[in-house]
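Chains as they are written, first to last, in this note's numbering: chain X, 13 to 122; chain A, 13 to 122.
Cβ coordinates follow ideal geometry from the N, Cα and C atoms, glycine included.
Before any comments, here is the structure.
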DNA sequence: CCGCGGTATTACCATATGAGCATACAGTCC
DNA sequence: GGACTGTATGCTCATATGGTAATACCGCGG
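The following block contains the structure:
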């Protein structure tokens with residue numbers, strides 16, 4: 013059967029989620045957290061982002077369910093909430109690869 | 013083996029791609045084009061977006077490889093370039109479903 | 001209790017971008 | 001060629017948002 017079209021309101025919500033990932037800094041944070049739980053300070057060191065900036069991005073990521081956090085004394089330890097984020101990035105990268113290949117084919121007509 | 017971390021420049025490119033999808037209007041366009049090739053005017057009717065606005069969004073979608081276009085006389089017929097866009101949306105929707113379910117579980121403690 | 005390190009928040013600026021209008025451009029038919 | 005339809009492009013405005021500095025908050029150790 014044909015696909016049911018999406019409601020306008022749902023589209024807005026989905027767009028908002030994509031917007032969270034539409035930011036190099038946030039992708040960097042997610043990539044840095046890929047295999048390890050880290051504190052904010054550790055992230056500051058690892059990413060070279062400002063502390064306030066980082067903290068705000070972490071709030072956004074958390075509010076949208078991309079990272080989970082855990083209070084540990086005076087520290088806050090962040091980790092990615094699920095692997096599907098990376099699946100999204102992988103698909104995007106796949107698109108980039110395909111385009112790059114197509115480009116090469118156009119340029120080098122051998 | 014552990015995953016290789018992504019280059020900052022690549023992250024910027026990926027973010028730019030996500031940004032294209034971070035817009036309800038563009039998602040609406042893609043959804044409208046899901047199963048059919050359409051002209052700009054048809055899209056204006058189907059989406060209730062302004063013509064100029066629509067045309068600009070189509071340029072963005074095309075520049076980023078999400079739609080392909082075909083000149084047909086004085087018409088320009090647009091179509092989705094690949095199905096992977098919908099895979100991206102499906103993953104996002106899956107996330108939303110999971111959160112909704114978790115919410116219900118929290119609210120209705122039965 | 002007080003200072004301190006770790007984190008979150010607020011205020012501010014600069015920038016980016018979506019919407020809409022007007023207009024330019026292109027192809028078709030008379 | 002001129003009028004008309006279809007599409008793209010500039011321009012302007014309003015808004016949203018990322019970066020940063022200053023500061024508030026919070027838990028811990030002395």
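Per-residue burial, residue i [other beta carbons within 10 Å of its own, 16 or more giving buried]
{"i": "residue 37/A", "result": "buried"}
{"i": "residue 116/X", "result": "exposed"}
{"i": "residue 32/X", "result": "buried"}
{"i": "residue 69/X", "result": "buried"}
Contact check, residue i vs residue j, beta carbons under 8 Å
{"i": "residue 35/A", "j": "residue 114/X", "result": "no"}
{"i": "residue 64/A", "j": "residue 79/A", "result": "no"}
{"i": "residue 88/A", "j": "residue 56/A", "result": "no"}
{"i": "residue 20/X", "j": "residue 108/A", "result": "no"}
{"i": "residue 90/X", "j": "residue 61/X", "result": "no"}
{"i": "residue 77/X", "j": "residue 111/A", "result": "yes"}
{"i": "residue 103/A", "j": "residue 95/X", "result": "no"}
Residues that residue i bridges to, as DSSP identifies them
{"i": "residue 83/A", "result": "88/A"}
{"i": "residue 50/X", "result": "90/X"}
Whole-angstrom distance between residue j and residue i, CA atom to CA atom
{"i": "residue 18/X", "j": "residue 30/A", "result": "19 Å"}
{"i": "residue 24/A", "j": "residue 82/X", "result": "29 Å"}
{"i": "residue 66/X", "j": "residue 48/X", "result": "17 Å"}
{"i": "residue 71/X", "j": "residue 42/X", "result": "13 Å"}
{"i": "residue 118/A", "j": "residue 84/A", "result": "54 Å"}
{"i": "residue 22/X", "j": "residue 54/A", "result": "23 Å"}
{"i": "residue 50/A", "j": "residue 59/A", "result": "12 Å"}
{"i": "residue 15/A", "j": "residue 97/X", "result": "14 Å"}
{"i": "residue 101/X", "j": "residue 73/A", "result": "18 Å"}
{"i": "residue 86/X", "j": "residue 75/A", "result": "47 Å"}
Practice problem: For the segment 29-73 of chain A, list the alpha helix (DSSP H) runs that are entirely contained and at least 4 residues long, ordered along the chain. | Solution: 36-44 and 52-59
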